[in-house]
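Please read the structure below before turning to the comments.
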Amino acid sequence: MRKTENEKAEGCEVSLDPNIFDPELFGEHAGIAVAYLKSYMNDVSVRGLNLIDPPSLIDAAKKLMTKESDTIAPFDEKRFRMILDLYIGTGIPVYSTGYMGRQFSGVVPLAGIFDLVSSISNQPASFYEAGQLPNVAEQIMSTELNRFIGFEDKQFTMVSTSGGSLANLTALLAARNDKLPGVWSNGMPAGVRDGIPAIAISEDAHYSITRAAGILGIGESRIIRLPVNRAGQIRAEKVQAILDEARAGGLNVFCLVASAGTTSMGAFDPIEELSGIAKKNDMWLHVDGAHGGGLLVSDKFRYRLKGIENADSLTWDAHKMLFVPAPCSLLFYKNKEKSYGAFKQEASYVFEDHADIYSEYEGAEKNFECTKRPSIMNLWLLWAMHGKALFAEKIGYLCRLCRDAYELLNEEPDFEIIHEPECNILCFRYKPQNMQEYIIPDFQIQIRNRIRSNGMFFISKVNIHGETALRAVFMNHEIKSAHFRLLLEQIRQAGQLIINEHTNIILNEQKHGSQVFLNNVCL
Ligand SMILES: Cc1ncc(COP(=O)(O)O)c(C=O)c1O
Numbered sequence: 031m032r033k034t035e036n037e038k039a040e041g042c043e044v045s046l047d048p049n050i051f052d053p054e055l056f057g058e059h060a061g062i063a064v065a066y067l068k069s070y071m072n073d074v075s076v077r078g079l080n081l082i083d084p085p086s087l088i089d090a091a092k093k094l095m096t097k098e099s100d101t102i103a104p105f106d107e108k109r110f111r112m113i114l115d116l117y118i119g120t121g122i123p124v125y126s127t128g129y130m131g132r133q134f135s136g137v138v139p140l141a142g143i144f145d146l147v148s149s150i151s152n153q154p155a156s157f158y159e160a161g162q163l164p165n166v167a168e169q170i171m172s173t174e175l176n177r178f179i180g181f182e183d184k185q186f187t188m189v190s191t192s193g194g195s196l197a198n199l200t201a202l203l204a205a206r207n208d209k210l211p212g213v214w215s216n217g218m219p220a221g222v223r224d225g226i227p228a229i230a231i232s233e234d235a236h237y238s239i240t241r242a243a244g245i246l247g248i249g250e251s252r253i254i255r256l257p258v259n260r261a262g263q264i265r266a267e268k269v270q271a272i273l274d275e276a277r278a279g280g281l282n283v284f285c286l287v288a289s290a291g292t293t294s295m296g297a298f299d300p301i302e303e304l305s306g307i308a309k310k311n312d313m314w315l316h317v318d319g320a321h322g323g324g325l326l327v328s329d330k331f332r333y334r335l336k337g338i339e340n341a342d343s344l345t346w347d348a349h350k351m352l353f354v355p356a357p358c359s360l361l362f363y364k365n366k367e368k369s370y371g372a373f374k375q376e377a378s379y380v381f382e383d384h385a386d387i388y389s390e391y392e393g394a395e396k397n398f399e400c401t402k403r404p405s406i407m408n409l410w411l412l413w414a415m416h417g418k419a420l421f422a423e424k425i426g427y428l429c430r431l432c433r434d435a436y437e438l439l440n441e442e443p444d445f446e447i448i449h450e451p452e453c454n455i456l457c458f459r460y461k462p463q464n465m466q467e468y469i470i471p472d473f474q475i476q477i478r479n480r481i482r483s484n485g486m487f488f489i490s491k492v493n494i495h496g497e498t499a500l501r502a503v504f505m506n507h508e509i510k511s512a513h514f515r516l517l518l519e520q521i522r523q524a525g526q527l528i529i530n531e532h533t534n535i536i537l538n539e540q541k542h543g544s545q546v547f548l549n550n551v552c553l
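Using the numbering used here, you'd call the opening residue of the sequence shown number 31 and step up by one each time.
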């Protein structure tokens, strides 16, 4: 066993035998993992999710664990490969053309490699001294991306967070502390003077917003749900009257949350109109662009976020439509000063006694996290190496692909389209002729389940205007219209099988005089 200089110096022995910190071994292990991932990415089969029941997966995982011992078990290549198999084999196949189920992206591989660099060099990003380049990269990326938002150069700021949910929570905290002074120090009752604190959000807002309201002490019953149109966008023409009514009922609606790409349909709220309403009513406007923020870098699709420069804050997930490893979320503020108000009473950057030339570059004061992954590095690296065009091209393709899929559906009479897509999310129903209306929602769930267990495609189900629909999210640029066409065929086949099975049961059951249900819905 090698002795490090430190060990020799201190005369102590460390029994890390075999030396699992050996750089040679690191190279070997990385080689195995990289070769594995290469063949995984080379697999061009159309495949969906391999969903395994949890107890079986626990069993399989436990079988791969080394026996309890007082000595360190040596590296076992076979075990390592089997763990890789289990991990990758049960994961969402983000690089497959059958994957249309969720908003997770197949990451740009170079960003994945760089994530390894961050992991091994372990540079937590909240403090300058612990992660110098990450802190600088955050500044650079904020300026690069703000070109597409349009906040005033010297006024705005950005902080990265671990996920869009945390970004939304942080933004709502800043909003609350800005609009309800004293709450940070004295608790919620201090703000009641002007009415009971409340927020207004879309009927279709992501659940992280309602969770944030719960955490902030606003309470679910003080969340005002704004109605949406068939396209899933907030009906701006209704908002003022709703706010007036809330105010008359004793509520102080201090924040309005709009979405730029809702989770269910990818709908974009009318930000420009809503920003006018927010201003008139002295409300903070937060835009949840976790999904759709990426469209800002596309000259063709940026218009979906028209008026974004008037928002007070914007959540933008880089791990969704900027294709870097999760989590990497960006929270932009129009006003830098207010970003400091999220986690303290004084909503401004206060130079402490120890402040130095580095302090201003640190995200820690604006961020809930203390130890924070330098996830911004993956984004900065891609931007530095390939530039904006990489993102604009991919986003443009995914939105066009979704539009093509919509047009294809338009020609299929047995499918019902729920909305005209605004980005890369498309919701629809399979509705064969003569099927009774009240069966349709349950039928969609059965189709989704059947498609998932077939293992060729992975799509999701979603609740829209109170009814279940199928949802395809296009995150992989390898998907072509032909794959979507194949999916429709699979849906038809699955639907036919479900109908046949249930019809057989009905015929069978009728003989015995009982009624049959399709998951509790009579056929
Ligand atoms: C619109 C929207 N907001 C927020 C979130 C939460 O983001 P994250 O999963 O990064 O926490 C999502 C996630 O899908 C989303 O679609």
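Glycine is no exception: its CB is placed at the ideal position from the N, C-alpha and C atoms.
Check                                                                                                       : Outcome
Own chain, CB closer than 8 angstroms to R478, minus 5 neighbours either side, in chain order               : I489, S490, K491, L500
Outcome for Q466 when other beta-carbon atoms lying within 10 angstroms are tallied against a minimum of 16 : exposed
Length of the line joining the Cα atoms of F381 and D208                                                    : Bear in mind that the predicted position of F381 carries a pLDDT of just 49, short of 50, making it too unreliable to give a figure here.
From D434, E442, N464, residue whose alpha carbon lies closest to that of L456                              : D434
Contact test: N198 Cβ vs ligand 1 heavy atom, cutoff 7 angstroms                                            : yes
Exposed unless 16 or more other CB atoms sit within 10 angstroms - verdict on R111                          : exposed
Residue span of the beta strand (DSSP E) that contains N282, given as start and end                         : 281-289
Contact test: G244 Cβ vs ligand 1 heavy atom, cutoff 7 angstroms                                            : no
Beta-carbon gap between F398 and L196 smaller than 8 angstroms                                              : yes
Per-residue DSSP class, three states only, for S99                                                          : coil
Where the beta strand (DSSP E) through K396 begins and ends                                                 : That residue, K396, is in no beta strand (DSSP E); it is neither H nor E in DSSP.
Given 8 angstroms, three or more beta-carbon pairs between the region 295-304 and the region 264-271        : yes
Through-space distance from D83 to A276, alpha-carbon basis                                                 : 47 angstroms
Nearest-angstrom beta carbon gap, Y363 and F186 [assumed within contact, 8 angstroms]                       : 6 angstroms
Runs of beta strand (DSSP E) wholly within the region 282-356 (minimum 3 residues, chain order)             : 314-319, 343-347
Identified DSSP bridge partners for R77                                                                     : In the DSSP output, where bridge partners are listed per residue, R77 has none listed.
Residue burial classification, G322 (beta-carbon count within 10 angstroms, cutoff 16)                      : buried
Burial state of I50, where buried means 16 or more other Cβ atoms lie within 10 Å                           : exposed
Per-residue DSSP class, three states only, for M188                                                         : strand
Strand pairing of P497, partner residues [DSSP]                                                             : The amino acid at residue 497 is misidentified as Pro; the sequence shows Glu. Paired residues: I494.
7 angstroms Cβ shell around P462 - same chain, five flanking residues per side excluded                     : D444, G525
Boundaries of the alpha helix (DSSP H) in which P471 is found, first to last residue                        : 470-484
Own chain residues within Cβ distance below 6 angstroms of G5, not counting five before or after            : Nothing in the structure corresponds to residue 5, since the chain is present only between 31 and 553.
Contact with chain B by R482, beta-carbon distance below 8 angstroms                                        : Chain labels in this structure do not include chain B; a single protein chain is all it has.
Between the CA atoms of V76 and T191 - distance to the nearest angstrom                                     : 34 angstroms
Contiguous alpha helix (DSSP H) assignments of at least 4 residues, all confined to the region 207-260      : 213-216, 237-245
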